[in-house]
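A.B. asks: Before anything else, here's the structure in question.
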Amino acid sequence: MEFSINTITTISTILLTGLTAGLCFTWANAITPGIGRLDDLGYLQSFQEMNRAIINPLFLVVFFGPFLAHIANIYLNRQQPNPVFWMLFAAGILFVAGVVVITIFGNVPLNEMLESTDLENSSPDQLKALRNSFENKWNRLHLIRTITSALSFLLLILTLLQNQINSNINL
-17 MEFSINTITT ISTILLTGLT AGLCFTWANA ITPGIGRLDD LGYLQSFQEM
33 NRAIINPLFL VVFFGPFLAH IANIYLNRQQ PNPVFWMLFA AGILFVAGVV
83 VITIFGNVPL NEMLESTDLE NSSPDQLKAL RNSFENKWNR LHLIRTITSA
133 LSFLLLILTL LQNQINSNIN L
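In structure tokens form, the structure reads like this:
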């Protein structure tokens, strides 16, 4: 395999997208079901603390880095044979629409709503209402992020395989 800027960009996009897909899968598979077993106050406090802890430079690189990498990858590979380009394009669209857009316009507003609530001074009825307006919607949006990031990751892997097939045919 030749290590051109295209190859390095594709590998970086695969790595970052795979890390995001793994992060989303872990949250969907273990974290949200685990804290979902807590009472309302425990659940909401846990979610607040995780939201506060996750916003850090490494997370931002892993979560939003693929956005830039997908754009660069599509641009740099625009001359690739049709199946490869369109798989890269689809992977990018899936990631941007299903992860970045859903996060910015779906999950983040819910997180901000939760963050703006003084849980310690909320009544049990207020906590229950907050959880009811937060939990199911957040989990549905997150499921979209999990599925689209995994599909994007899969399409990126398939482009490598297709490139390998194309290279063997051209020999």
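Residue numbers -17 to 153, in our numbering, belong to the letters of the sequence shown in order. Glycine included, each C-beta is placed from N, C-alpha and C at the ideal position.
With a threshold of 7 angstroms on Cβ separation, who are the neighbours of LEU58 within its own chain once the five nearest residues in sequence on each side are excluded?
C.D. replies: Taking the first residue of the sequence shown as 1, we reach residue 58 at position 76. So the qualifying residues of the chain are ILE(-13), ASN(-12), THR(-9).
A.B. asks: Starting from the Cα of THR141, find the closest Cα among ALA72, SER28, ILE13 and give me that residue.
C.D. replies: In the sequence shown, counting from the first residue as 1, residue 141 sits at position 159. For THR141, the nearest C-alpha among the options comes from ALA72.
A.B. asks: Just confirm the distance between the C-beta atoms of LEU92 and LEU26, as a whole number of angstroms; I'd bet it's less than 8 angstroms.
C.D. replies: Here residue 92 refers to the residue found at position 110 when the sequence shown is read from its first residue. Here residue 26 refers to the residue found at position 44 when the sequence shown is read from its first residue. 12 angstroms between Cβ atoms; not a contact.
A.B. asks: Buried or exposed: which applies to PRO106, given that a residue is buried once 16 or more other Cβ atoms fall within 10 Å of its Cβ?
C.D. replies: Translated into the one-based positions of the sequence shown, residue 106 becomes position 124. Exposed, because fewer than 16 other Cβ atoms sit within 10 Å of the Cβ of PRO106.
A.B. asks: Distance check for LEU143 and ASP100, CA to CA, integer angstroms please.
C.D. replies: Counted from its first residue, the sequence shown places residue 100 at position 118. Counted from its first residue, the sequence shown places residue 143 at position 161. Taking the straight line from one Cα to the other gives about 51 angstroms.
A.B. asks: Where does LEU153 land, buried or exposed, given buried means 16+ other C-beta within 10 angstroms?
C.D. replies: Taking the first residue of the sequence shown as position 1, residue 153 is located at position 171. With a pLDDT of 45 at LEU153, under the threshold of 50, the modelled position of that residue is not reliable, and the figure given next carries that caveat. With fewer than 16 Cβ atoms within 10 Å of its Cβ, LEU153 is classed as exposed.
A.B. asks: Straight-line CA distance for ILE139 to ILE(-4)?
C.D. replies: Numbered from its first residue, the sequence shown carries residue 139 at position 157. Numbered from its first residue, the sequence shown carries residue -4 at position 14. Looking at the two C-alpha atoms, the distance is approximately 7 angstroms.
A.B. asks: Quick test of your reading: THR130 and PHE77, contact by CB under 8 angstroms. State the CB separation rounded to the nearest angstrom.
C.D. replies: Counting from one through the sequence shown, the residue named residue 130 turns up at place 148. Counting from one through the sequence shown, the residue named residue 77 turns up at place 95. At roughly 7 angstroms, the Cβ-Cβ gap stays under 8 angstroms, so THR130 and PHE77 are in contact.
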